[in-house]
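Structure record follows, encoded as structure tokens.
Numbering (the working numbering), first residue to last: 2 to 75.
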């Protein structure tokens, strides 16, 4: 069964306000979420190149990136 991307407008409005994305909509909102997800992935890369690698921190950043990637659908 395919995942649904039905928007929860009240929830989305609260998240946008909390994340400083208030007033954005549609494509701009999605691009903002993806840009933040990309920053998390960059953080994970830095964590993995540390000596010794910071595996817990890298895992956290990857998880955050995954959540931000699906945030426009919520």
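In this text, a Cβ means the ideal position worked out from N, Cα and C, and glycines have one as well.
So, is the C-beta of residue i closer than 8 Å to a C-beta in chain B?
i	result
residue 58	Given the protein chain composition of this structure (a single chain), no chain B is represented.
Restricting to Cα atoms, I'd like to know which of the options is closest to residue i.
i	options	result
residue 63	45, 32, 50 and 31	45
residue 66	40, 32 and 27	40
residue 69	57, 36 and 27	36
If you draw a straight line from the C-alpha of residue i to the C-alpha of residue j, how long is it?
i	j	result
residue 43	residue 29	21 Å
residue 38	residue 49	17 Å
residue 56	residue 72	24 Å
residue 19	residue 51	31 Å
residue 59	residue 47	8 Å
If I measure Cβ to Cβ from residue i and keep anything under 6 Å in the same chain, skipping five residues before and after, which residues do I get?
i	result
residue 31	73
residue 34	69, 72 and 73
Can you determine whether any heavy atom of the ligand ADP sits closer than 7 Å to the C-beta of residue i, and answer yes or no?
i	result
residue 52	Because no ligand of any kind appears in the structure shown, any question about the ligand ADP cannot be addressed here.
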